[in-house]
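Following our numbering, the numbering of the sequence shown begins with 25 at its first residue and continues without gaps.
Heads up, the beta-carbon is just placed ideally off N, CA and C, and yes, glycines get one too.
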Amino acid sequence: MFATTMEWRDKPSLAARRAHDLRNWSRRRRGEHTYRNPDDPAHGDPGLDPGWEFPPPLGNTAPLSVAGTGLDEMFILRTANPGERPYYSVVTAVDGLADGLRGDAAYAAMSAAFGSFLAQMARTSSHVRGLQVLHRSVPHDMTRHSRWAHTRVKRLHDARLLPAVESYGTLIDTLTPLAEEHRTFVVLRFPQTEAFMADTARQARAKDAPITGGIAQVVRDETERATRLLAMAGMGRVDVLGERRVCAVIRALLDPRFPIDRHRNATWNTCWPSYIGGRNCVAVGTETRWWTRVGHIRPRAIEPVALGPLWLAPLLTGVDADPGDDDIAPMPTIRTLSVRLDFVPADRARAAAKGDVTADQARKAKEREKGKLDDGSTEVLADASERRRQDLMPGSGHHGVIYAASIAVTGRDPDDLDRACLRVTEAAGESAITEIDWCVGDHDVAMFTTLPLARGLAATPYTR
Numbered sequence: 025m026f027a028t029t030m031e032w033r034d035k036p037s038l039a040a041r042r043a044h045d046l047r048n049w050s051r052r053r054r055g056e057h058t059y060r061n062p063d064d065p066a067h068g069d070p071g072l073d074p075g076w077e078f079p080p081p082l083g084n085t086a087p088l089s090v091a092g093t094g095l096d097e098m099f100i101l102r103t104a105n106p107g108e109r110p111y112y113s114v115v116t117a118v119d120g121l122a123d124g125l126r127g128d129a130a131y132a133a134m135s136a137a138f139g140s141f142l143a144q145m146a147r148t149s150s151h152v153r154g155l156q157v158l159h160r161s162v163p164h165d166m167t168r169h170s171r172w173a174h175t176r177v178k179r180l181h182d183a184r185l186l187p188a189v190e191s192y193g194t195l196i197d198t199l200t201p202l203a204e205e206h207r208t209f210v211v212l213r214f215p216q217t218e219a220f221m222a223d224t225a226r227q228a229r230a231k232d233a234p235i236t237g238g239i240a241q242v243v244r245d246e247t248e249r250a251t252r253l254l255a256m257a258g259m260g261r262v263d264v265l266g267e268r269r270v271c272a273v274i275r276a277l278l279d280p281r282f283p284i285d286r287h288r289n290a291t292w293n294t295c296w297p298s299y300i301g302g303r304n305c306v307a308v309g310t311e312t313r314w315w316t317r318v319g320h321i322r323p324r325a326i327e328p329v330a331l332g333p334l335w336l337a338p339l340l341t342g343v344d345a346d347p348g349d350d351d352i353a354p355m356p357t358i359r360t361l362s363v364r365l366d367f368v369p370a371d372r373a374r375a376a377a378k379g380d381v382t383a384d385q386a387r388k389a390k391e392r393e394k395g396k397l398d399d400g401s402t403e404v405l406a407d408a409s410e411r412r413r414q415d416l417m418p419g420s421g422h423h424g425v426i427y428a429a430s431i432a433v434t435g436r437d438p439d440d441l442d443r444a445c446l447r448v449t450e451a452a453g454e455s456a457i458t459e460i461d462w463c464v465g466d467h468d469v470a471m472f473t474t475l476p477l478a479r480g481l482a483a484t485p486y487t488r
């Protein structure tokens, strides 16, 4: 029994791996690994379509009906899956930090401003108890710039400028298959707590509205406050997305052939592309145009050292493009990085930090007493816990946070996907991330943790 349930070197135990395999076998037997979009030619075919109305990993997630409440423009998702507290979520799109001539001091100031935003959200008076930050990297569409350059060239009449024009055209042709576009989304998470429902009931009584109207009012007020604080933190323009734009984002994250901003025909019922989940990846698209692999970045995989504001830059914007070959054109590495944050009240965070410092100091004293020399990991962990204790001292205004990260990498075929994952792993190593725990057999489920649904982090004793 001990050998079966023991975790060796932070790896799942034999029993856990067996249970995982049985779960995947059961899912595949019921057809939960496959979904067919209504526009798929195989839709309705009993041999190819299990008949799901929505993808099974979506669970009990659906838009909240706000028609007739006066807040019809709001798009609020309600998730009520077994084993967790129901919650509501709203999706916002942010410009993020502008690139350019910006020094380390400027980046540090913006990082501190974002930290202040998180501290404001973590206050007990806020109903926002968690966030999801999504970063999407896709090939940049140069069509608009090419049209602009073509229009400007038409106005030129000096023949001496032709070599410069031809050189610029060559530059555009060279950069087009390698240029990346980066988009950032912040998802606000509102758990259905007693305080939240009390406020919604008060709003509903005050305006003689149904309870859904009270929920929409509270969510709107909190969302306005969050967007204002995001803008003050230097995140640029902040837009609250409606139904069509949210559905367009979901569709584009799953199927890269759809642009993120093309939302004319995007609806909740049709934004889910067909897919078939496999052991090493999930095939997305009617004709299997894309292959996606999902991995988790465990907190233990992040080096416990002091990290600067640009520590994730290699993974976000520094992944090399695929150079291509005779059969495949060059293309940037398509990837989505999702970070889920749940706020921990300051008093609970201080108690946890105190316990960690005590345990680390006791371990150091014990090793010193025995005359042992370690590889330095004990000292690094002790320094990290002590920094956390100091950061959480009363009067600092800081709160604690529980976090988890997932990354989805997409390729044009299995070989292209393998190369892309290798490039992402190398970039992660430059970001103080020692390991990406790639999924096995459940990529179609894990893929939904990289969608703007505020998922990917289980409740803990600190956040319940």
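Residue range of the alpha helix (DSSP H) that includes residue i
i, result
"R1", "Since the first and last residues shown for the chain are 25 and 488, residue 1 lies out of range."
"G237", "I235 to M256"
"N48", "L38 to R54"
"D468", "H467 to A470"
"L278", "E267 to L278"
"P338", "A337 to T341"
Which residues DSSP lists as bridging residue i, in chain order
i, result
"Q156", "V211 and R364"
"V381", "None; V381 has no bridge partner."
"W462", "G319"
"G301", "V306"
"E97", "BP columns for E97 are empty, so no partner."
"R109", "R109 is not bridged to any residue."
"I498", "Residue 498 lies beyond the residue range present for the chain, which begins at 25 and ends at 488; the question has no answer from this structure."
"R102", "A86 and Y112"
"V118", "T208 and V262"
"S140", "According to DSSP, which records beta bridges pairwise, S140 is partnered with nothing at all."
"D346", "M355"
"P163", "E204"
Under the three-state DSSP convention, the category residue i falls into
i, result
"M221", "helix"
"V90", "coil"
"M145", "helix"
"Y59", "strand"
"S135", "helix"
"S191", "helix"
"W296", "coil"
"N172", "It is worth fixing the name first, because residue 172 is Trp in this sequence and not Asn. Helix, per DSSP."
"I326", "strand"
Buried versus exposed call for residue i [16 or more other C-beta atoms within 10 Å across all chains shown]
i, result
"A228", "buried"
"W49", "exposed"
"W314", "buried"
"S161", "buried"
"N61", "buried"
"T316", "buried"
"V448", "buried"
"T196", "Note on identity: in this sequence residue 196 is Ile, with Thr being the wrong assignment. Exposed."
"V329", "exposed"
"G120", "buried"
"E311", "exposed"
"A240", "buried"
"P215", "buried"
"P418", "exposed"
"I274", "buried"
Boundaries (first-last residue) of the beta strand (DSSP E) holding residue i
i, result
"D263", "V262 to V264"
"G424", "G424 to G435"
Inter-residue CB distance, residue i and residue j (contact presumed, cutoff 8 Å)
i, j, result
"P338", "T434", "Actually they do not touch by this definition, with Cβ atoms about 19 Å apart."
"V368", "H423", "6 Å"
"T357", "I431", "About 11 Å; that fails the 8 Å criterion."
"D366", "R153", "7 Å"
"M471", "V318", "5 Å"
"A478", "S113", "4 Å"
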